[in-house]
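*Asks:*
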Amino acid sequence: MTRVVVAGSANMDLVGLAPALPRPGETVLGDDFVMTPGGKGSNQAIAAALAGGETVFLGAIGSDSFGVTLNARLASAGVGVDLVRTSYGSSGVAVIMVDRAGENSILVSPGANRTFVGLTGEETSAIGAADVLLCQQEIPMATVHAALRAGRAAGTRTILNAAPARVLPSGLLDEVDLLVVNETEARAITGGDDPDVAALLALVPRVVLTLSGNGSRYADRDGADVHVPAFRVEVADTTAAGDAFTGALAVAWGEGRDLIDAVRWANAAGAACVRRVGASNALPTRSDIEALYAGA
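Everything in the sequence shown is counted per the numbering used here, starting at 9 for the first residue and increasing by one.
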């Protein structure tokens, strides 16, 4: 079984469903409201576990009731939580608005995620024992960099999902084996008007560019540059689709799949996710992924 360590954020997601997303200064009467554990790190850890990976989560939760729920959600999905830190105060919170077309707007208040600073010896050892390390950018960037350095030093494959778009510390991308970005994040890294894959490959050896409903593009320094089509499904909510994709991708790569095939399998995970409303509760199981993948 692929061993995956995810170093990242955990948030409680407060999700409001409405006919349309409100414009600035506008109030919209909603259809429904759900509260569910989320956060890119937590979501990707759960996604990896449900996709069949032996997964450990490194991160910080608050001492509030949200923290209890976040920890329980991770554990119930089969994610190892022995190294999760508890910080006095509020857990991270995300306020999410979703319209009837499945599009969303998200505001994140980091809370305890801000306290995930530095790595302990146990956390470093967990990274070194993994097949794949997966990081995002909702925790302090110095911690992201430290985790990636630890992974590279130990020979663990390193994946950075550079979301949300942020300024990257000097040298951080030197520690990345595979970069996963959407078009906005790609532009933020290269500084160009277009998501320039060639410019990204000057910084990292492998890139997956996610294209929302148009699938994904995989490119590497060996000359591969392949568009991997999306799976067509009825969309209910796109909130955690990227996290489903990235968690499944980590598992597939760790299992030894060719990366183009791993991206195709991850596309199936993202498609299976968007059929449900929510974040961690919408993440697909391995059987969900395989059913879509096999029917391609």
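The C-beta atom is built at its ideal place from N, Cα and C for all residues, glycine as well.
Which class does M149 belong to by DSSP, given the choice of helix, strand or coil?
*Replies:* Translated into positions along the sequence shown, residue 149 becomes position 141. The answer is helix: DSSP assigns M149 an H, G or I state.
*Asks:* What separation, rounded to the nearest whole angstrom, lies between the Cα atoms of A83 and V89?
*Replies:* For the purposes of this step, residue 83 is identified with residue 75 of the sequence shown, where counting begins at 1. For the purposes of this step, residue 89 is identified with residue 81 of the sequence shown, where counting begins at 1. For A83 and V89, the distance between alpha carbons rounds to 6 angstroms.
*Asks:* How many Å lie between D204 and G67 at the Cα?
*Replies:* Mapped onto the sequence shown, residue 204 falls at position 196. Mapped onto the sequence shown, residue 67 falls at position 59. Taking the straight line joining both Cα atoms gives about 32 angstroms.
*Asks:* Between R294 and the rest of its own chain, which residues show a CB-CB distance below 7 angstroms, the 5 nearest in sequence each way excluded?
*Replies:* To locate residue 294, count along the sequence shown from 1; it is residue 286. Contacts found: L58, A59 and G60.
*Asks:* At the 8 angstroms Cβ level, is R160 part of the contact set with chain D, yes or no?
*Replies:* No chain D is part of this structure, which consists of one protein chain only.
*Asks:* Start and end of the beta strand (DSSP E) containing F239?
*Replies:* Position 231 of the sequence shown, counted from the start, is the residue given in the question as residue 239. Segment: none, F239 is in no beta strand (DSSP E) and carries neither H nor E.
*Asks:* Among T63, N19, G24 and E34, whose alpha-carbon lies nearest the alpha-carbon of T77?
*Replies:* Position 69 of the sequence shown, counted from the first residue, corresponds to residue 77. Residue N19 is the option with its Cα nearest to T77.
*Asks:* Identify every run of the alpha helix (DSSP H) within the region 106–150, keeping only runs that are complete inside it and at least 4 residues long; order them along the chain.
*Replies:* 129–136
*Asks:* What's the gap between the Cα of R195 and the Cα of D202?
*Replies:* In the sequence shown, residue 195 corresponds to position 187, counting from 1. In the sequence shown, residue 202 corresponds to position 194, counting from 1. Their backbone Cα atoms lie some 6 angstroms apart in a straight line.
*Asks:* Taking 8 angstroms as the cut-off, decide whether the C-beta atoms of A80 and V259 are in contact.
*Replies:* For the purposes of this step, residue 80 is taken as residue 72 along the sequence shown, with counting starting at 1. For the purposes of this step, residue 259 is taken as residue 251 along the sequence shown, with counting starting at 1. No.
*Asks:* Measuring straight from C-alpha to C-alpha, what distance separates A244 and L211?
*Replies:* Position 236 of the sequence shown, counted from the start, is the residue given in the question as residue 244. Position 203 of the sequence shown, counted from the start, is the residue given in the question as residue 211. Cα to Cα, the separation comes out at about 36 angstroms.
*Asks:* For the region 26–87, which segments carrying the alpha helix (DSSP H) assignment without a break, of at least 4 residues, lie completely within its bounds, in sequence order?
*Replies:* Fully enclosed alpha helix (DSSP H) runs of 4 or longer: 48–58 and 73–84.
*Asks:* Can you tell me the Cβ-Cβ gap for V125 and L91, rounded? I've got them flagged as a contact below 8 angstroms.
*Replies:* Taking the first residue of the sequence shown as 1, we reach residue 125 at position 117. Taking the first residue of the sequence shown as 1, we reach residue 91 at position 83. That pair is no contact at about 15 angstroms.
*Asks:* Mind checking whether V70 and G46 have CB atoms under 8 angstroms apart?
*Replies:* The residue given as residue 70 occupies position 62 in the sequence shown. The residue given as residue 46 occupies position 38 in the sequence shown. Note on residue identity: the sequence assigns Gly, not Val, to residue 70. Not closer than 8 angstroms, so no.
*Asks:* Ends of the alpha helix (DSSP H) at Y226?
*Replies:* Against the sequence shown, residue 226 aligns to sequence position 218. No alpha helix (DSSP H) contains Y226, which is instead part of the beta strand (DSSP E) from S224 to D228.
*Asks:* Taking 8 angstroms as the threshold, find out whether the region 235–243 comes into contact with the region 27–34 through three or more Cβ pairs.
*Replies:* No, because fewer than three Cβ pairs between the region 235–243 and the region 27–34 fall closer than 8 angstroms, the two stretches do not touch.
*Asks:* Taking the alpha-carbon of L257 as reference, which of V241, T246, T247 and A277 has the nearest alpha-carbon?
*Replies:* For the purposes of this step, residue 257 is taken as the residue at position 249 of the sequence shown. The shortest C-alpha separation from L257 is found at A277.
*Asks:* So N169 and T254 are supposed to be a Cβ contact under 8 angstroms. How far apart are they, rounded?
*Replies:* Translated into the one-based positions of the sequence shown, residue 169 becomes position 161. Translated into the one-based positions of the sequence shown, residue 254 becomes position 246. The Cβ separation is near 5 angstroms, so the contact holds.
*Asks:* Starting from S98, follow the beta strand (DSSP E) in both directions and report where the run begins and ends.
*Replies:* Within the sequence shown, the letter at position 90 stands for residue 98. Where S98 is concerned, there is no enclosing beta strand (DSSP E), because DSSP gives it neither an H nor an E.
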